[in-house]
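First to last, the sequence lines map onto chains A and B.
Under the UniProt record's numbering, think of the first position of the first sequence as 1, with each following residue one higher.
Under the UniProt record's numbering, think of the first position of the second sequence as 1, with each following residue one higher.
Number of protein chains: 2
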Amino acid sequence: MTHFEENLKKYAQLVIQVGINIQKGQTLVIHAPITSSRLVRELSKQAYKSGAKNVHVEYSDEDLTLIKYLHSPLEGLKEFPHWKAKGLVELAKNNAAFLYIAASNPTLFQDIDAERLAIAMKTNASGMKELNEYRINSQCSWSIISMPTIEWASQIFPELDAKEGVNKLWDLIFKTTRVTDDNPIQAWQNHIQLLNSKAHHLNERKYKKLHYKSDKTDLTIELPNNHKWLSAQFQNKLHTPFIPNMPTEEVFTVPLKKGVNGVVRSTKPLNYGGTLINNFSLTFREGKVIDCSAETGYETLKKLLETDEGALHLGEIALVPHDSPISNTNVIFFNTLFDENASCHLALGNALPMCIQNGINMSKAELQENGLNDSITHVDFMIGSANLDIDGETSSGKLEPIFRKGNWAF
Amino acid sequence: MTHFEENLKKYAQLVIQVGINIQKGQTLVIHAPITSSRLVRELSKQAYKSGAKNVHVEYSDEDLTLIKYLHSPLEGLKEFPHWKAKGLVELAKNNAAFLYIAASNPTLFQDIDAERLAIAMKTNASGMKELNEYRINSQCSWSIISMPTIEWASQIFPELDAKEGVNKLWDLIFKTTRVTDDNPIQAWQNHIQLLNSKAHHLNERKYKKLHYKSDKTDLTIELPNNHKWLSAQFQNKLHTPFIPNMPTEEVFTVPLKKGVNGVVRSTKPLNYGGTLINNFSLTFREGKVIDCSAETGYETLKKLLETDEGALHLGEIALVPHDSPISNTNVIFFNTLFDENASCHLALGNALPMCIQNGINMSKAELQENGLNDSITHVDFMIGSANLDIDGETSSGKLEPIFRKGNWAF
Chain A
1 MTHFEENLKK YAQLVIQVGI NIQKGQTLVI HAPITSSRLV RELSKQAYKS GAKNVHVEYS
61 DEDLTLIKYL HSPLEGLKEF PHWKAKGLVE LAKNNAAFLY IAASNPTLFQ DIDAERLAIA
121 MKTNASGMKE LNEYRINSQC SWSIISMPTI EWASQIFPEL DAKEGVNKLW DLIFKTTRVT
181 DDNPIQAWQN HIQLLNSKAH HLNERKYKKL HYKSDKTDLT IELPNNHKWL SAQFQNKLHT
241 PFIPNMPTEE VFTVPLKKGV NGVVRSTKPL NYGGTLINNF SLTFREGKVI DCSAETGYET
301 LKKLLETDEG ALHLGEIALV PHDSPISNTN VIFFNTLFDE NASCHLALGN ALPMCIQNGI
361 NMSKAELQEN GLNDSITHVD FMIGSANLDI DGETSSGKLE PIFRKGNWAF
Chain B
1 MTHFEENLKK YAQLVIQVGI NIQKGQTLVI HAPITSSRLV RELSKQAYKS GAKNVHVEYS
61 DEDLTLIKYL HSPLEGLKEF PHWKAKGLVE LAKNNAAFLY IAASNPTLFQ DIDAERLAIA
121 MKTNASGMKE LNEYRINSQC SWSIISMPTI EWASQIFPEL DAKEGVNKLW DLIFKTTRVT
181 DDNPIQAWQN HIQLLNSKAH HLNERKYKKL HYKSDKTDLT IELPNNHKWL SAQFQNKLHT
241 PFIPNMPTEE VFTVPLKKGV NGVVRSTKPL NYGGTLINNF SLTFREGKVI DCSAETGYET
301 LKKLLETDEG ALHLGEIALV PHDSPISNTN VIFFNTLFDE NASCHLALGN ALPMCIQNGI
361 NMSKAELQEN GLNDSITHVD FMIGSANLDI DGETSSGKLE PIFRKGNWAF
């Protein structure tokens with residue numbers, strides 16, 4: 001077995017045992033691009049080894065999707081295999097777990113006619129709505145992992161040839177998912193325990209407000225009374241824990257829609273629909289962005305903010321230590337799964353219902369009453385750095401340190 | 001565009017326009033191994049170019065199937081995605097066309113426990129029964145085509161390295177499917193017209209019996225009164241013609257189950273479940289095999305004949321000229337799609353209902369009353385050669401030449 005094969009096997013073991021946490025007799029559904037077949041086969045072996053009853057793989061081929069987007073009649077773009085979505089929902093209701101391998105060419109669809117692309121996206125989103133809601137509300141176990149594609153690797157490492165780039169990206173993925181630790185499974189248990197303890201502490205403190213301060217950021221964010229800090233260890237409806245993202249470094253909650261004031265400056269470039277927005281700042285008053293600037297990508301930032309009313313407000317607050325495995329690679333991944341876990345971030349747009357008490361059972365109106373933002377978009381942007389301090393303000397107005405110099409202060 | 005790419009494109013055009021004969025607004029379903037993605041993408045492009053509304057691809061991965069056969073619990077082997085079969089039947093009822101790319105490693109499952117393999121096969125067969133019946137009764141358009149795999153090529157050309165073997169097999173597939181003809185589509189129209197004219201002539205003559213004679217064969221086969229000779233151009237329920245196999249060289253019908261007498265000797269090896277049966281002979285009395293011999297694979301031949309009662313009787317008679325593109329390659333393909341179209345052949349086992357008048361609307365009992373054989377198996381074996389003569393016997397007992405020295409005599 002080569003060194004790479006060993007790591008691939010460890011990665012698969014980790015994803016099956018910790019990410020999906022497969023249970024005896026459970027069915028595993030894997031959504032994967034055909035280019036990931038080697039990983040899929042290893043995952044499948046590990047799933048059976050851990051007691052899975054069945055592994056059902058739905059392969060996709062983005063080059064076929066491109067051909068469809070380019071050449072099918074409009075009617076074809078509006079067609080969705082509802083029988084497939086229905087079958088998958090049925091599997092989810094019977095406690096199947098869902099694993100998604102995100103590995104694509106980041107710029108493949110950049111030349112597709114915007115209207116055709118929008119129609120196709122809408123068809124897919126509405127076709128998969130029931131399954132996605134079931135999943136996002138943690139009714140079933142699910143996890144998103146990644147692996148390199150040639151095109152993605154060459155976007156990160158334009159100076160390397162295809163094979164070197166892919167190998168380097170694999171090494172980074174193995175490193176940031178702790179596969180290269182001596183005992184990856186133990187490392188994850190420790191890691192999750194740490195994240196859980198941070199979330200637990202923050203939930204105990206019930207802070208009213210957060211104060212962000214660095215050389216270029218001066219921001220206060222109010223939190224809903226009933227907010228919950230979460231780490232990325234969820235539980236499905238049978239109370240089986242699972243990790244929805246690998247890697248994950250964040251502890252997160254939602255802001256009060258109208259409770260954000262001050263200025264925040266980005267610390268990493270934001271890849272939005274194939275365009276980079278770099279060194280940008282946002283000024284908030286009573287929750288709303290009232291001013292913005294950007295060294296590059298200003299027009300794209302403006303468009304993002306114009307998406308809808310909710311795009312001018314925050315929907316997520318996430319705390320990630322500056323000294324994390326992903327951050328320490330000093331690589332911009334142009335991929336949210338990695339970049340959002342490299343740095344404290346905020347998100348413009350929709351707020352996650354699970355971040356307030358009983359939120360997943362609330363109607364849209366109830367969520368709004370509780371101060372949660374609503375939008376069709378949700379875009380993370382990175383604001384962490386080695387000189388970021390964050391304080392929590394208690395109900396009595398006392399300030400307590402949460403982050404100092406970019407890292408946890410408690 | 002390289003020479004190979006040109007041929008691949010011509011192959012895809014031919015399959016879409018002549019094999020599937022896609023109609024404007026029709027949906028095409030492609031079942032394909034992930035290793036055929038390059039061909040699938042070309043087929044998809046050509047389908048949209050020819051007016052398809054949508055191309056739906058179901059990718060499979062036989063290495064994943066192998067992992068399942070090796071490692072899943074018994075319960076998993078008995079599980080079938082009925083929602084998928086149901087969705088596909090629905091598509092078929094809405095006039096979708098079905099294209100199958102047969103490209104596998106011929107010996108991949110040879111070490112799987114026989115009982116586990118049988119359970120998995122039965123699960124698949126019963127899960128796909130409705131779709132397969134719909135298809136075999138030509139309610140929808142369908143076609144089976146092939147392309148090389150490394151393992152298949154190296155079985156045919158063990159002396160070549162993987163890449164050379166695959167290239168050589170591609171060349172043979174392009175040649176035998178007439179892709180390398182000056183005008184492949186015209187060549188197929190001529191070819192189908194010729195096969196149709198042969199079938200038409202045989203149907204006009206309404207022969208009672210066929211007499212096969214060569215240096216080692218002396219066989220008479222009675223035909224049902226209401227038999228039909230068919231070529232491989234079928235029509236779906238909307239009367240759109242399609243070609244179910246590419247390549248195809250045969251004109252075929254069914255024998256009278258109890259009307260076969262004499263001795264027949266094989267002229268090409270038969271690959272049965274991964275074992276070769278070579279230089280074998282079968283002796284028939286009143287339709288039943290009463291004796292057999294084989295230079296190699298005798299035990300396997302015996303097992304085949306013991307499958308069930310119907311495995312001792314014939315279920316198909318096919319006429320293929322010795323001087324056909326496939327036969328002229330002088331290659332044993334170890335693959336029925338090719339080998340059966342290289343030589344006159346017979347099949348032990350089940351008889352095709354469509355080969356008698358109104359057969360597709362008959363019950364099993366009615367088919368038996370009409371003299372058709374019934375079996376769970378259907379195994380073609382090759383008996384054509386350069387010295388095979390076949391005569392047709394008219395109702396008045398007159399003999400007329402059908403084949404002389406292995407080729408059409410009319």
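A virtual CB, placed ideally from N, CA and C, is assigned to each residue, including glycine.
Limits of the beta strand (DSSP E) - the one that Asp389 (chain A) falls within: On the first sequence, position 389 is the one that residue 389 (chain A) refers to. In the DSSP assignment, Asp389 (chain A) falls within the unbroken beta strand (DSSP E) covering 389 to 393.
Cβ contact (3+ pairs, closer than 8 Å) linking the stretch 99 to 107 of chain B and the stretch 307 to 326 of chain B: Between the stretch 99 to 107 of chain B and the stretch 307 to 326 of chain B, the count of C-beta pairs closer than 8 Å stays below three; the two stretches do not touch.
Residue interval of the beta strand (DSSP E) (run including Leu314 (chain A)): The residue you call residue 314 (chain A) lines up with position 314 of the first sequence. It spans 314 to 319 - the beta strand (DSSP E) in which Leu314 (chain A) sits, taken as one unbroken run.
Distance CB(Gly384 (chain B))-CB(Thr267 (chain B)) smaller than 8 Å: Numbered from its first residue, the second sequence carries residue 384 (chain B) at position 384. Numbered from its first residue, the second sequence carries residue 267 (chain B) at position 267. Cβ atoms of Gly384 (chain B) and Thr267 (chain B): closer than 8 Å.
Spatial neighbours of Gly127 (chain B) in its chain, beta-carbon cut-off 8 Å, leaving aside the 5 residues before and after: Reading the second sequence from its first residue, position 127 is the one you call residue 127 (chain B). Answer for Gly127 (chain B): Phe80, Pro81, His82, Ala85, listed in chain order.
Contact list for the stretch 2 to 18 of chain B against chain A, Cβ threshold 9 Å: With the criterion set as a beta carbon lying under 9 Å from some beta carbon of chain A, the stretch 2 to 18 of chain B has no members that meet it.
3 or more residues per run - each beta strand (DSSP E) lying fully within the stretch 265 to 329 of chain B: DSSP runs (the beta strand (DSSP E)) wholly in the stretch 265 to 329 of chain B: 270 to 272, 275 to 285, 288 to 296, 314 to 319.
Residue-chain proximity (Ser37 (chain A), chain C), Cβ-Cβ < 8 Å: No chain C appears in this structure, whose protein chains are A and B.
Start-to-end residues for the alpha helix (DSSP H) that takes in Phe174 (chain A): Within the first sequence, residue 174 (chain A) is the residue found at index 174, counting from 1. Here the alpha helix (DSSP H) through Phe174 (chain A) covers 162 to 176.
Alpha-carbon spacing of Glu316 (chain B) relative to Glu249 (chain B), whole angstroms: For the purposes of this step, residue 316 (chain B) is identified with residue 316 of the second sequence, where counting begins at 1. For the purposes of this step, residue 249 (chain B) is identified with residue 249 of the second sequence, where counting begins at 1. Glu316 (chain B) and Glu249 (chain B) have their C-alpha atoms some 15 Å from each other.
Residue environment, Arg41 (chain A), which counts as buried when at least 16 other CB atoms sit within 10 Å: Here residue 41 (chain A) refers to the residue found at position 41 when the first sequence is read from its first residue. With 16 or more other Cβ atoms within 10 Å, it is buried.
Cβ contact (3+ pairs, closer than 8 Å) linking the stretch 211 to 218 of chain B and the stretch 256 to 270 of chain B: Yes, since at least three Cβ pairs between the stretch 211 to 218 of chain B and the stretch 256 to 270 of chain B fall closer than 8 Å, the two stretches touch.
Outcome for Ala118 (chain A) when other beta-carbon atoms lying within 10 angstroms are tallied against a minimum of 16: Residue numbering aside, residue 118 (chain A) sits at position 118 when the first sequence is read from its first letter. With fewer than 16 other Cβ atoms within 10 Å, it is exposed.
Burial state of Gln13 (chain B), where buried means 16 or more other Cβ atoms lie within 10 Å: Here residue 13 (chain B) refers to the residue found at position 13 when the second sequence is read from its first residue. Counting Cβ neighbours within 10 Å, Gln13 (chain B) comes out buried, since at least 16 surround it.
Partner residues on chain B for Pro148 (chain A), Cβ-Cβ distance less than 7 Å: As a first step, residue 148 (chain A) is located in the first sequence; it is residue number 148 there, counting from the start. Correct list: empty, because the minimum Cβ distance to chain B is about 18 Å.
Contact between the stretch 225 to 238 of chain A and the stretch 342 to 359 of chain A (3+ Cβ pairs under 8 Å): Between the stretch 225 to 238 of chain A and the stretch 342 to 359 of chain A, the count of C-beta pairs closer than 8 Å reaches three or more; the two stretches touch.
Burial state of His191 (chain A) (16 or more Cβ within 10 Å): For the purposes of this step, residue 191 (chain A) is identified with residue 191 of the first sequence, where counting begins at 1. Counting every other CB atom within 10 Å of its CB across the protein chains shown gives His191 (chain A) a total of 16 or more, marking it as buried.
Min CB distance His71 (chain A) to chain B below 8 Å: Taking the first sequence and counting its residues from 1, one reaches residue 71 (chain A) at position 71. It does: the Cβ of His71 (chain A) has a partner Cβ on chain B nearer than 8 Å.
Residue-chain proximity (Trp188 (chain B), chain A), Cβ-Cβ < 8 Å: Position 188 of the second sequence, counted from the first residue, corresponds to residue 188 (chain B). Output row for Trp188 (chain B): interface = no.
Through-space distance from Ala294 (chain A) to Ser281 (chain A), alpha-carbon basis: Here the question's residue 281 (chain A) lines up with position 281 in the first sequence. Here the question's residue 294 (chain A) lines up with position 294 in the first sequence. Each residue's Cα considered, the two are about 6 Å apart.
is_contact[Lys129 (chain A), chain B] using C-beta, thresh 8 Å: Your numbering for residue 129 (chain A) matches position 129 in the first sequence. Not an interface residue.
Where the alpha helix (DSSP H) through His56 (chain B) begins and ends: Here residue 56 (chain B) refers to the residue found at position 56 of the second sequence. Not the alpha helix (DSSP H): His56 (chain B) falls in the beta strand (DSSP E), residues 54 to 60.
Sheet register partners of Trp408 (chain A) (DSSP bridge): Along the first sequence, one-based indexing puts residue 408 (chain A) at 408. Partner residues in the beta bridge of Trp408 (chain A), as assigned by DSSP, are A:Phe403.
Thr394 (chain A) beta carbon less than 8 Å from that of Arg205 (chain A): Position 205 of the first sequence holds residue 205 (chain A). Position 394 of the first sequence holds residue 394 (chain A). Using a Cβ distance threshold of 8 Å, Arg205 (chain A) and Thr394 (chain A) count as a contacting pair.
Short CB-CB distance (under 8 Å) between Ile67 (chain A) and chain B: Working through the first sequence from its first residue, we reach residue 67 (chain A) at position 67. For Ile67 (chain A), the answer is yes, since a Cβ of chain B falls inside 8 Å of its Cβ.
Cβ-Cβ separation, Asn373 (chain B) to Gly310 (chain B) (assumed contact under 8 Å), whole Å: The sequence position of residue 310 (chain B) within the second sequence is 310, counting from 1. The sequence position of residue 373 (chain B) within the second sequence is 373, counting from 1. With a Cβ gap of about 5 Å, Gly310 (chain B) and Asn373 (chain B) count as contacting.
Under 7 Å from the C-beta of Asp63 (chain A): neighbouring residues of chain B: Sequence index remark: in the first sequence, residue 63 (chain A) carries index 63 (1-based). By Cβ distance, chain B contributes Arg41.
Proximal residues of chain B, C-beta to C-beta of Asn95 (chain A) below 7 Å: As a first step, residue 95 (chain A) is located in the first sequence; it is residue number 95 there, counting from the start. By Cβ distance, chain B contributes nothing, its closest Cβ being about 14 Å from Asn95 (chain A), past 7 Å.
Proximity below 8 Å, CB of Asp61 (chain A) to CB of Ser37 (chain B): Within the first sequence, the letter at position 61 stands for residue 61 (chain A). Within the second sequence, the letter at position 37 stands for residue 37 (chain B). Yes.
Chain A contact for Gly384 (chain B) (CB, 8 Å cutoff): Your numbering for residue 384 (chain B) matches position 384 in the second sequence. No, Gly384 (chain B) does not count as interfacial toward chain A.
Within chain B, the residues that residue 430 (chain A) reaches when beta carbons sit closer than 7 Å: Lying before the first or after the last residue shown, residue 430 (chain A) is absent from chain A, which here runs from 1 to 410.
Chain B within 8 Å of Ile34 (chain A), Cβ atoms only: Position 34 of the first sequence, counting from 1, holds the residue named residue 34 (chain A). Yes, Ile34 (chain A) counts as interfacial toward chain B.
Interface partners of Val57 (chain A) on chain B, CB under 8 Å: Looking up residue 57 (chain A) in the first sequence gives position 57. What Val57 (chain A) touches in chain B: Asp61, Leu64.
Contact set between the stretch 133 to 160 of chain A and chain B, restricted to residues whose Cβ is under 7 Å from the partner: Those residues of the stretch 133 to 160 of chain A that come within reach of chain B (Cβ to Cβ, closer than 7 Å) do not exist; the list is empty.
Through-space distance from Asp171 (chain B) to Leu160 (chain B), alpha-carbon basis: Within the second sequence, the letter at position 160 stands for residue 160 (chain B). Within the second sequence, the letter at position 171 stands for residue 171 (chain B). About 14 Å.
Distance, Cys140 (chain A) Cα to Lys93 (chain A) Cα: Within the first sequence, residue 93 (chain A) is the residue found at index 93, counting from 1. Within the first sequence, residue 140 (chain A) is the residue found at index 140, counting from 1. About 8 Å.
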